[in-house]
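Letter 35 of the sequence shown, counting from 1, is numbered 303 in the working numbering, and no numbers are missing.
Worksheet: the structure to be examined is printed underneath.
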Amino acid sequence: MIKAQGLGKTYMSGGLPLEVLKDVELTFESGSLSAVVGPSGSGKTTLLGLLAGLDAPSAGRVLLEDQDLTAMSEDEKARFRAENVGFVFQTFHLLASLTALENVLVPLELTGRAKKAADSARALLERVGLGGREGHYPAQLSGGERQRVALARAFANQPRILFADEPTGNLDHETGLGVAAMLEQMNRESGTTLVMVTHDLELAERAERVISLSGGRVVADRAGSGSNGASGFDGRRSDEGRS
Ligand SMILES: Nc1ncnc2c1ncn2[C@@H]1O[C@H](COP(=O)(O)OP(=O)(O)OP(=O)(O)O)[C@@H](O)[C@H]1O
Ligand SMILES: [Mg+2]
269 MIKAQGLGKT YMSGGLPLEV LKDVELTFES GSLSAVVGPS GSGKTTLLGL LAGLDAPSAG
329 RVLLEDQDLT AMSEDEKARF RAENVGFVFQ TFHLLASLTA LENVLVPLEL TGRAKKAADS
389 ARALLERVGL GGREGHYPAQ LSGGERQRVA LARAFANQPR ILFADEPTGN LDHETGLGVA
449 AMLEQMNRES GTTLVMVTHD LELAERAERV ISLSGGRVVA DRAGSGSNGA SGFDGRRSDE
509 GRS
């Protein structure tokens with residue numbers, strides 16, 4: 269479960285405070301699939317960064333699986349994240365000096381689950397349609413291919429919580445649907461709690477829950493069609509296998 273309590277973020281900009289996130293109260297149940305939508309600059313990436321403990325809030329706190337992230341040291345947070353949290357960044361954050369395969373291996377090696385790591389990394393790349401691109405460096409991949417490497421990397425540890433910032437933003441419609449189906453499958457089969465930022469309203473609508481941000485505030489929080497047994501991303505019920 270993820271809990272944001274009174275969460276706020278203020279940046280100093282030209283000597284003046286700029287409040288980009290205000291008093292956000294949200295609870296994400298374990299195994300839920302939520303979409304976050306809102307105009308550019310409304311605070312979506314900021315919110316995800318705070319929920320994942322990548323960034324420190326100016327106000328409030330974040331509880332992840334009952335652990336107060338805001339009370340942890342940087343080392344504790346890093347360890348907790350390595351074991352529990354996957355993150356797909358809007359800007360991918362691939363390491364330029366590593367091949368596609370090596371990028372996917374990074375989190376596997378961080379947690380010491382290196383056993384069969386190369387095999388798992390290869391299988392993950394295959395699953396995102398990049399079999400045969402294992403040895404390519406990020407500079408030798410297209411934008412959409414980089415995005416899929418980032419997704420494979422986020423899946424590597426089978427995290428209990430996965431944050432994805434515009435995971436389909438650089439993909440054509442069909443590849444985007446494939447990636448969405450993978451996210452959905454991970455949510456359904458592994459019970460991964462998924463929070464996804466997307467500008468794709470069709471995609472957002474398929475989530476169980478759609479949270480709208482505007483000007484740093486939650487302005488709407490409603491059920492998506494994934495909550496009532498309608499088709500999920502891959503045409504199956506998104507609540508299958510859960511009570
Ligand atoms: N490090 C920073 N310093 C100052 N302002 C920042 C910083 N990071 C983000 N902001 C501002 O915070 C606001 C929210 O940014 P954020 O990246 O969360 O928006 P977003 O909703 O993800 O937008 P997009 O859809 O374009 O990705 C923006 O107005 C941005 O300019
Ligand atoms: Mg963003």
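For glycine and all other residues, C-beta sits at the position ideal for the given N, C-alpha and C.
Bear in mind that the values here come from a model prediction, so they are computed numbers and not experimental data.
Neighbour-count burial assignment, residue i, 16 or more Cβ in a 10 Å radius
i    : result
A368 : buried
L430 : buried
A475 : buried
E452 : buried
R490 : exposed
E342 : exposed
P375 : buried
L419 : buried
R414 : buried
Contact with chain D by residue i, beta-carbon distance below 7 Å
i    : result
E287 : Among the chains of the structure shown, chain D does not appear; only one protein chain is present.
Straight-line Cα distance separating residue j from residue i
i    : j    : result
I270 : S298 : 8 Å
L294 : H404 : 40 Å
S310 : L373 : 33 Å
G283 : G446 : 45 Å
S388 : A424 : 7 Å
M450 : H361 : 20 Å
A364 : Q408 : 10 Å
R272 : E457 : Checking the sequence shown, residue 272 turns out to be Ala, not Arg. Rounded to the nearest angstrom, the two C-alpha atoms are 26 Å apart.
A432 : A350 : 16 Å
S480 : M454 : 24 Å
A472 : G492 : 7 Å
V305 : R401 : 32 Å
G274 : D336 : 13 Å
M464 : A324 : 20 Å
D334 : A346 : 16 Å
V487 : A386 : 44 Å
Q426 : T460 : 8 Å
E377 : Q358 : 23 Å
L398 : V417 : 8 Å
M280 : G494 : 39 Å
H441 : S410 : 16 Å
P241 : R485 : Limits of the chain in this structure are 269 at one end and 511 at the other, which puts residue 241 out of reach.
L366 : F296 : 34 Å
F348 : K384 : 22 Å
D507 : V292 : Reliability of the predicted coordinates at D507 is poor, the pLDDT of 45 falling under 50, and the value obtained from them is presented with this limitation in mind. Distance between the alpha carbons of D507 and V292: 26 Å.
T278 : E344 : 24 Å
C-beta atoms of residue i and residue j nearer than 7 Å
i    : j    : result
T466 : A339 : no
T314 : L289 : yes
A422 : G354 : yes
L462 : L301 : yes
N438 : G412 : yes
P406 : V356 : no
S551 : G276 : For the chain, the structure presents residues 269 to 511; residue 551 sits outside this window and is missing.
N352 : R477 : no
(message) I want to know whether the segment 390–400 touches the segment 317–328 - three or more CB-CB distances under 8 Å.
(response) no
(request) When you get a sec, list the residues whose CB is within less than 7 Å of any heavy atom of ligand 2, chain order please. (result) K312, T313, Q358, D433, E434 and V465
(message) Would you call the segment 330–345 in contact with the segment 435–452, where contact means no fewer than 3 C-beta pairs closer than 8 Å?
(response) no
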